[in-house]
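Visitor: No gaps in the numbering here: position 14 of the sequence shown is 13 in numbering that gives the first Met the number 0, and each next residue is one more. Yeah, the Cβ is synthetic: ideal placement off N, Cα and C, and Gly gets one too. One structure coming up, written as structure tokens, with questions to follow.
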Amino acid sequence: MSAMKAKILAAAEDFVHALNTPGDLKKVGQACSESIVIERMGVFSQQGQLVETFVGVDAVGSWLARTPAGIEFRVVSAEVADSPTWRVRYAYSVPKEGYHHAGTWLLRLGTDDKITWMQHNPDPSA
0 MSAMKAKILA
10 AAEDFVHALN
20 TPGDLKKVGQ
30 ACSESIVIER
40 MGVFSQQGQL
50 VETFVGVDAV
60 GSWLARTPAG
70 IEFRVVSAEV
80 ADSPTWRVRY
90 AYSVPKEGYH
100 HAGTWLLRLG
110 TDDKITWMQH
120 NPDPSA
């Protein structure tokens, strides 16, 4: 595994830890640069459209705090999309309800090896 892929996977795993503990701003800061920008893309009739933008650790933390209880995220894979942008597949489930879904994050790391930009793309059938 390349050194860069290892860094991408580590940052994505840190982000998953933040997702799986919504409201823990410290974990968001461990995964994301202070100047993080996350673009959340829509689903259904809004597929492929930018629906929200979050700038900074506090804004991202507020977004993640909206995550319903019981959801479990995990990283599936990572590959170069177009250097320096990486495509990371994620999956999530709500075990109590038997629900499973996935999506893609396009992301870039900053010089601190934390996520500095991400586009959050749920799969179309979300």
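At which residues does the alpha helix (DSSP H) containing residue 76 begin and terminate?
Guide: The count along the sequence shown starts at 1 and reaches residue 76 at position 77. Per DSSP, residue 76 belongs to no alpha helix (DSSP H); it is in the beta strand (DSSP E), 71 to 81.
Visitor: Where does residue 46 fall in DSSP's three states?
Guide: As a position in the sequence shown, residue 46 is number 47, starting the count at 1. Residue 46 falls in the strand class under three-state DSSP.
Visitor: Does the beta-carbon of residue 97 have 16 or more other beta-carbons within 10 angstroms, so that it is buried, or is it exposed?
Guide: The residue labelled residue 97 in the question sits at position 98 within the sequence shown. It is exposed - the Cβ of residue 97 has fewer than 16 other Cβ atoms within 10 Å.
Visitor: For the beta strand (DSSP E) that residue 38 lies in, which residues bound it at each end?
Guide: Counted from its first residue, the sequence shown places residue 38 at position 39. Per DSSP, residue 38 belongs to the beta strand (DSSP E) from 31 to 40.
Visitor: Which partner residues does residue 120 have in the DSSP bridge list?
Guide: The residue you call residue 120 lines up with position 121 of the sequence shown. 103.
Visitor: According to DSSP, is residue 10 part of a helix, a strand, or is it coil?
Guide: Position 11 of the sequence shown, counted from the start, is the residue given in the question as residue 10. Looking at residue 10 - three-state DSSP - the assignment turns out to be helix.
Visitor: Could you give the distance in angstroms between the alpha-carbon of residue 27 and the alpha-carbon of residue 58?
Guide: As a working note, residue 27 is residue 28 in the sequence shown. As a working note, residue 58 is residue 59 in the sequence shown. When rounded, the distance between both Cα atoms is 10 Å.
Visitor: Tell me which residue opens and which closes the alpha helix (DSSP H) that residue 61 is part of.
Guide: Looking up residue 61 in the sequence shown gives position 62. Residues 56 to 63.
Visitor: Excluding the 5 residues flanking residue 77 on each side, which residues of the same chain have their C-beta closer than 8 Å to its C-beta?
Guide: Position 78 of the sequence shown, counted from the first residue, corresponds to residue 77. Here the set comprises 4, 7, 8, 11, 85, 86, 87 and 88.
Visitor: With distances taken between CB atoms, is the gap from residue 93 to residue 70 smaller than 8 Å?
Guide: Your numbering for residue 93 matches position 94 in the sequence shown. Your numbering for residue 70 matches position 71 in the sequence shown. Yes.
Visitor: Apart from the five residues just before and just after residue 60, which ones in its own chain have a Cβ nearer than 7 Å to its Cβ?
Guide: For this step, residue 60 is matched to residue 61 along the sequence shown. 24 and 27, listed in sequence order.
Visitor: Which residues share a DSSP beta bridge with residue 52?
Guide: For the purposes of this step, residue 52 is taken as residue 53 along the sequence shown, with counting starting at 1. DSSP lists 38 as partners of residue 52.
Visitor: Helix, strand or coil for residue 90 per DSSP?
Guide: Looking up residue 90 in the sequence shown gives position 91. It is a strand residue.
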